[in-house]
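Undergrad: One structure is given below, represented as structure tokens, and several questions about it will come after.
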Amino acid sequence: MKALKKICAAILAIMMLAAMTGCHKKNEVAVTVGDYEFTSAYYMTALMAADSEAKTKVDEAKAEKEDSKEESKETEETDYYAEKIDGKKYVEWVEDKAIENLKKIAAYKTLCKENKLELDKETETNVKSYAEYYWSSYGYGAYYEPNGVSIDTYTKYMRDSYYSSLYFDHVYGEGGEKEIAADTVKTKINENFVIANILSASFSEMTEEDAKSTKDKFNDYATELKEGKRSFLEIYNEYNKVEEKKEETKTEETDEPKPKDENASIIGAEDTTYESEYYKDIKAMAVGEVKVIENEDESGIILVVKQDLAADEYYYDTLDTEARHLIADEEYEKDITDYAKKLDCEINKYAVSQFKVKKIKAPEATA
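Residues in the sequence shown are numbered consecutively from 1091, following this note's numbering.
Right, here's the structure in full:
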């Protein structure tokens, strides 16, 4: 009898353990939007992305508030969970944003499917490469893995984001239903981008004496450029201790487009991917003008030779998509949001409830 009781107790213990550990199955569906199902791990990825966005919003609001004060105070550690975003409590905003993002992803994929749009092989290859690179080299693995997100789920999340660009190009690109005229795109590029040869130096690890010496050197370089004594490339190579390459044998020709001046850099206005604090200063310069510009906080310096963006069609091709986004993103986001709201959304509360915003593990700081 005692033996029977022990066996029954053991079986009961095993059943209880199985119930505790087997509550959430692998690939359990947490959210279904329209025809698309999102697993628990995928939902966690969206939740973490929303949490990062929320922290950025709080930090930006805090920085703006501190900048408006006459006297700067010592930075205090932010209690994010005590903050509000758009009138919502932090945790509520993050949870709502995660679901909103899943709805948008489903909207992009649904619209692409309806219009028979598929990611091409190059994009598929790039997604895999980028995901692996960010996972291992940028420490994303150390952030996502402790929170139960595998590289496969992260890759899928990244891949799905590309459907947004795919559908945007279908609508606003050449031949699209809302195609933006080429002249309008070109004007937008001219308004928001410039190109220039730039030599830069940071004073962060320099002594005052070294910083002064660097300023003098940059001013001497500027004089030499203005007088035509040396080319920008010669000066750039000298300062960066780059040995000029001897004439090499012919290399394999590629179809990859290149700018006429491969030493030129794209400088963008605010809210562009090429955003630079120097944009306004360089924009105001004349083509061919040489100038030495120091950072507002005196932490660094640049030597600039402004070039002519309009003289090289390469830049209009390169910046075409970004310019279309600058023109149409606001309208596009509204249309997608409105469309996403119409899709049926079913949330598996049992699956979702296991993920808590306050329990998202941040990566450990390395010494």
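Backbone N, C-alpha and C fix where the C-beta goes; we use that ideal spot for every residue, glycine too.
Whole-angstrom Cβ separation of VAL1119 and ALA1144, contact assumed at under 8 Å?
TA: Taking the first residue of the sequence shown as 1, we reach residue 1119 at position 29. Taking the first residue of the sequence shown as 1, we reach residue 1144 at position 54. Wrong, their Cβ atoms sit about 25 Å apart, outside the cutoff.
Undergrad: Rounded to the nearest angstrom, what separates ALA1286 and ALA1197 at their Cα positions?
TA: Position 196 of the sequence shown, counted from the first residue, corresponds to residue 1286. Position 107 of the sequence shown, counted from the first residue, corresponds to residue 1197. Their backbone Cα atoms lie some 40 Å apart in a straight line.
Undergrad: Which one of TYR1329, MET1138, LEU1289, LYS1307 has the shortest CA to CA distance from ALA1354?
TA: Counting from one through the sequence shown, the residue named residue 1354 turns up at place 264. Out of TYR1329, MET1138, LEU1289, LYS1307, LEU1289 has the C-alpha closest to the C-alpha of ALA1354.
Undergrad: What runs of the beta strand (DSSP E), each 3 residues or longer, lie entirely inside the region 1306–1385?
TA: 1354–1358, 1380–1384, all fully within the region 1306–1385.
Undergrad: Is TYR1133 near LEU1201, with beta carbons less than 7 Å apart?
TA: Within the sequence shown, the letter at position 43 stands for residue 1133. Within the sequence shown, the letter at position 111 stands for residue 1201. Cβ atoms of TYR1133 and LEU1201: not closer than 7 Å.
Undergrad: Would you call ASN1309 buried or exposed, if buried means 16 or more other Cβ atoms sit within 10 Å of its Cβ?
TA: Position 219 of the sequence shown holds residue 1309. Exposed, since its Cβ has fewer than 16 Cβ neighbours within 10 Å.
Undergrad: Bridge partners of VAL1487, per DSSP?
TA: No answer is possible for residue 1487: it lies beyond the span of the chain, which begins at 1091 and ends at 1457.
Undergrad: Say whether the region 1354–1373 touches the region 1384–1396, bearing in mind that this needs 3 or more beta-carbon pairs closer than 8 Å, one atom from each stretch.
TA: Contact between the region 1354–1373 and the region 1384–1396 is present, because at least three Cβ pairs lie under 8 Å.
Undergrad: On the premise that SER1443 lies in contact with SER1294, defined as a C-beta separation below 8 Å, what is that separation, rounded to the nearest angstrom?
TA: Stepping through the sequence shown from its first residue, residue 1294 is reached at position 204. Stepping through the sequence shown from its first residue, residue 1443 is reached at position 353. With a Cβ gap of about 47 Å, SER1294 and SER1443 do not count as contacting.
Undergrad: DSSP beta-bridge partners for ASN1287?
TA: As a first step, residue 1287 must be located in the sequence shown, where it is residue number 197. DSSP output for ASN1287 lists ALA1354, VAL1395 as bridge partner(s).
Undergrad: So, at 6 Å on beta carbons, what are the nonlocal neighbours of TYR1429 in its own chain, with the 5 sequence-adjacent residues on each side left out?
TA: Here residue 1429 corresponds to residue number 339 of the sequence shown, with the count starting at 1. Cβ within range, chain order: ALA1197.
Undergrad: Straight-line CA distance for LYS1178 to THR1146?
TA: Translated into the one-based positions of the sequence shown, residue 1178 becomes position 88. Translated into the one-based positions of the sequence shown, residue 1146 becomes position 56. Straight-line Cα distance between these residues: approximately 15 Å.
Undergrad: Using C-beta distances below 6 Å, list every residue in its chain close to ALA1241, excluding the 5 sequence neighbours before and after it, in chain order.
TA: Counted from its first residue, the sequence shown places residue 1241 at position 151. A small correction: the amino acid at residue 1241 is Ile; Ala does not occupy that position in the sequence shown. If we look at ILE1241 and ignore the five residues flanking it on each side, its Cβ neighbours are TRP1225.
Undergrad: Per DSSP, GLY1124 forms a beta bridge with which residues?
TA: Residue numbering aside, residue 1124 sits at position 34 when the sequence shown is read from its first letter. Partner(s): none; GLY1124 has no beta bridge.
Undergrad: On the three-pair Cβ rule with 8 Å, is the region 1257–1273 touching the region 1320–1335?
TA: Contact between the region 1257–1273 and the region 1320–1335 is absent, because fewer than three Cβ pairs lie under 8 Å.
Undergrad: Counting only the same chain and skipping the five closest in sequence on each side, list residues whose C-beta sits under 8 Å from that of TYR1252.
TA: Here residue 1252 refers to the residue found at position 162 when the sequence shown is read from its first residue. LEU1209, THR1213, VAL1217.
Undergrad: Helix, strand or coil for SER1130? Go by DSSP, reduced to three states.
TA: Locating residue 1130 in the sequence shown gives position 40, counting from the first residue. If DSSP states are grouped into helix, strand and coil, SER1130 belongs with the helices.
Undergrad: Sort GLY1266, ALA1151, THR1363, GLY1231 by Cα distance to ASN1205 and report the nearest one.
TA: Mapped onto the sequence shown, residue 1205 falls at position 115. Comparing Cα-Cα distances from ASN1205 to each of GLY1266, ALA1151, THR1363, GLY1231, the minimum goes to GLY1266.
Undergrad: On a CA-only basis, which of ASN1330, GLU1281, GLY1318 is nearest ALA1291? Give me that one, please.
TA: Within the sequence shown, numbered from 1, the residue matching residue 1291 stands at position 201. Considering only alpha carbons, the answer is ASN1330.
Undergrad: Rounded to whole angstroms, what's the CA-CA distance from GLY1238 to ALA1131? Just pull it up for me.
TA: Locating residue 1238 in the sequence shown gives position 148, counting from the first residue. Locating residue 1131 in the sequence shown gives position 41, counting from the first residue. Looking at the two C-alpha atoms, the distance is approximately 7 Å.
Undergrad: Taking the continuous beta strand (DSSP E) assigned at VAL1437, which residues delimit it?
TA: Translated into the one-based positions of the sequence shown, residue 1437 becomes position 347. The question names Val, yet the displayed sequence has Ile at residue 1437. Here the beta strand (DSSP E) through ILE1437 covers 1435–1437.
Undergrad: Among LYS1246, VAL1148, LEU1315, ASP1141, whose alpha-carbon lies nearest the alpha-carbon of GLY1378?
TA: For the purposes of this step, residue 1378 is taken as residue 288 along the sequence shown, with counting starting at 1. Measuring from the Cα of GLY1378, the nearest candidate turns out to be LEU1315.
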